[in-house]
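In full-length UniProt numbering, the protein residues as written are 1 to 76. Where a beta carbon is used, it is the ideal one built from N, C-alpha and C, also for glycine.
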């Protein structure tokens, strides 16, 4: 009985675990229209520096993180 409960708990908690490499999306923005351009997006190959060796994020269902970087200089 305890094994069944443990397996059910592990399955429930697994739904709150996300692969960081697929959840995080970077976008390089040079113009306002680039915000909506899917061609400017890319996912990291590695995320262990931020999320540990498992490269996973725990605590959210269906997590998607979008990080936009502005490519223009500060004087433009």
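Local conformation of residue 49 per DSSP, three classes = By 1-based counting over the chain shown, the position of residue 49 is 49. Of the three classes helix, strand and coil, the one that applies to residue 49 here is helix, per DSSP.
key: Rounded separation between residue 26 and residue 58 - CA only   = Translated into the one-based positions of the chain shown, residue 26 becomes position 26. Translated into the one-based positions of the chain shown, residue 58 becomes position 58. Spanning the two alpha carbons is a distance of roughly 20 Å.
inquiry  = Which of the three DSSP states is assigned to residue 3 in this structure?
reply    = Working through the chain shown from its first residue, we reach residue 3 at position 3. In this structure, residue 3 counts as helix in the three-state DSSP scheme.
request  = Rank 70, 48, 14, 55 by C-alpha distance to the C-alpha of residue 41 and give the top, closest one.
outcome  = If you number the chain shown from 1, residue 41 lands on position 41. If we check each option's Cα against that of residue 41, 70 comes out closest.
Residue 24 beta carbon less than 9 Å from that of residue 65 = As a position in the chain shown, residue 65 is number 65, starting the count at 1. As a position in the chain shown, residue 24 is number 24, starting the count at 1. Taking 9 Å as the Cβ cut-off, residue 65 and residue 24 qualify as a contacting pair.
Proximity winner among 39, 20, 38, 60, relative to residue 12 (alpha-carbon distances) = Residue 12 sits at position 12 when you count from the first residue of the chain shown. Taking only the C-alpha atoms, the option nearest residue 12 is 60.
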